[in-house]
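Reading through the structure tokens given below for one structure.
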Ligand SMILES: [Zn+2]
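Structure representation (structure tokens):
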């Protein structure tokens, strides 16, 4: 399984965090998971690679 995957909906990609269904906002560089697509709230102080 790729760490760089996310659930796509008709509204576009959603947050990659477990149980979170907010729209994806940023790609972060996570120390354990690498690049991850997350919503604004789940950036959580991690380094932002780019906007979604
Ligand atoms: Zn989220």
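Numbering (my numbering), first residue to last: 77 to 128.
C-beta: ideal position from N, C-alpha, C; glycine also.
field: Beta carbon nearer than 6 Å to a non-hydrogen atom of ligand 1
entry: 91, 93, 96, 98, 114, 115, 117 and 118
message: Between 122, 115 and 101, which has its C-alpha nearest residue 108's C-alpha?
response: 122
task: Pull up the distance between the alpha-carbon of residue 94 and that of residue 113, whole angstroms please.
output: 12 Å
query: Apart from the five residues on each side of it in sequence, which residues of its chain come closer than 8 Å, Cβ to Cβ, to residue 119?
result: 101, 102 and 104
field: Residue range of the beta strand (DSSP E) that includes residue 106
entry: 102 to 106
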